[in-house]
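Heads up: the structure comes next, in structure tokens.
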Amino acid sequence: MTEEIVSGAEIARRLGVSRERVRQWASEPRYHFPAARGRIGPAKTWVWDEVRRWATEHGYLKPRELAEA
């Protein structure tokens, strides 16, 4: 199974938040945001399934929106 890799900009688009908000989640331990898995150039990247699970658990992605994200 191939992991879908996403950037902060793509996470922001899928969750309907700003890129700055994603940066805050990723940089502040209190949010328990998934760890970045790598970089593409200067941009950090994440595994979408991990971010999607986090977003669902924290109310940023509703179950009915999962199929669309």
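So the sequence shown is numbered by this note's numbering: it starts at 4 and just counts up by one. Ideal placement from N, C-alpha and C gives every residue a C-beta, glycine not left out. Please read these numbers as outputs of a predicted model, since none were measured by experiment.
{"query": "Leaving out five residues on either side along the sequence, give the residues of the same chain with a beta carbon under 7 Å from the beta carbon of residue 18.", "result": "58, 63 and 64"}
{"query": "Can you give me the Cβ contacts of residue 48 inside the same chain, cut-off strictly under 7 Å, excluding the 5 residues immediately before and after it?", "result": "8, 9, 10, 39, 40, 41 and 42"}
{"query": "Just the Cα atoms here: how many angstroms apart are residue 25 and residue 14?", "result": "7 Å"}
{"query": "Among 12, 56 and 5, which has the Cα closest to the Cα of residue 35?", "result": "56"}
{"query": "Determine the burial state of residue 45: buried for a count of at least 16 other Cβ atoms within 10 Å of its Cβ, exposed for fewer.", "result": "exposed"}
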